[in-house]
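K.L.:
Mind having a look at this structure? Questions to follow.
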Amino acid sequence: MSIQGKAVVAPSDLPADAPTGRYVDTLALVERLHRLLLDVIKDEFERLGLLDVNPVQALLLFNIGDNEVTAGELKSRGYYQGSNVSYNLKKLVEAGYMHHQRCGVDRRAVRIKLTEKGRAIRQSVGALFDRHADDLAARGLFGGEAGAEVASGLRRIERYWTEQIRYIY
Numbered sequence: 000m001s002i003q004g005k006a007v008v009a010p011s012d013l014p015a016d017a018p019t020g021r022y023v024d025t026l027a028l029v030e031r032l033h034r035l036l037l038d039v040i041k042d043e044f045e046r047l048g049l050l051d052v053n054p055v056q057a058l059l060l061f062n063i064g065d066n067e068v069t070a071g072e073l074k075s076r077g078y079y080q081g082s083n084v085s086y087n088l089k090k091l092v093e094a095g096y097m098h099h100q101r102c103g104v105d106r107r108a109v110r111i112k113l114t115e116k117g118r119a120i121r122q123s124v125g126a127l128f129d130r131h132a133d134d135l136a137a138r139g140l141f142g143g144e145a146g147a148e149v150a151s152g153l154r155r156i157e158r159y160w161t162e163q164i165r166y167i168y
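For the sequence shown, position 70 (counting from the first letter as 1) is numbered 69 according to numbering that gives the first Met the number 0, and the numbering increases by one without interruption.
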């Protein structure tokens, strides 16, 4: 099979030291890390007895933080896809984790912010991240120069992808 005349190669068929092999391995790793992060949050919330919020919703609450935002702003920042963010925001408002209010200037827009209940979830996620960061740093696995290098590399890929998307339009 081919895409625009190029042979499609399975990731396992690529040499790990070839640029495409490293790139595909990195993409697969980022995808696995995201899924594992959701599992880690799920396990933490089960231990804490917080069963009415799923991991995606918990991350949404964490990322909103103390800000007052619209769903459009969350989408434009690249955190979430359209239908997913709308669905999760609706569920979080219904469960009392967020306040929502129509924007005075544009009645179509709804501004959202965390309630006290939502801030408690955010704090739980933040405490989990603090523990992990401290543990990883103590073990010398992530932190300092190594952590900065990983973050810098991922930001370069993020900028590259953003440029690719903008170039299309």
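Idealized CB from N, CA, C, for every residue including glycine.
Just so it is clear, the structure is predicted and the values come from calculations on it, not from any experiment.
Which whole-angstrom value is the C-beta distance of I120 and L60, which I expect to be below 8 Å?
P.N.:
At roughly 5 Å, the Cβ-Cβ gap stays under 8 Å, so I120 and L60 are in contact.
K.L.:
So what's T114 in DSSP terms, helix, strand or just coil?
P.N.:
Coil.
K.L.:
Which runs of the beta strand (DSSP E) fall wholly inside the region 8-90 and span at least 3 residues, in chain order?
P.N.:
The region 8-90 contains no whole beta strand (DSSP E) run of 3 or more residues.
K.L.:
Name the DSSP beta bridge partners of R101, please?
P.N.:
In the DSSP output, where bridge partners are listed per residue, R101 has V109.
K.L.:
Let me make sure I understand the geometry here. Which of D38, H98, G48 has the alpha-carbon closest to that of E64?
P.N.:
The residue asked about is misnamed: residue 64 is Gly in this sequence, not Glu. Nearest option by C-alpha distance: H98.
K.L.:
Would you mind giving the Cβ-Cβ distance between L47 and S151, rounded to the nearest angstrom? I have them listed as a contact below 8 Å.
P.N.:
Not confirmed; about 33 Å, so no contact.
K.L.:
Quick check on L153: does DSSP put it in helix, strand or coil?
P.N.:
Helix at L153.
K.L.:
So for G146, helix, strand or coil by DSSP?
P.N.:
The answer is helix: DSSP assigns G146 an H, G or I state.
K.L.:
I'd like to check one pair, I40 with A17: are the Cβ atoms closer than 8 Å?
P.N.:
It is not a contact, given that the beta carbons lie outside the stated cut-off.
K.L.:
At the level of alpha carbons, what is the spacing between V23 and R155?
P.N.:
When rounded, the distance between both Cα atoms is 16 Å.
K.L.:
Identify which residue in V52, S75, G125, G103 has its Cα closest to the Cα of K89.
P.N.:
Taking only the C-alpha atoms, the option nearest K89 is V52.
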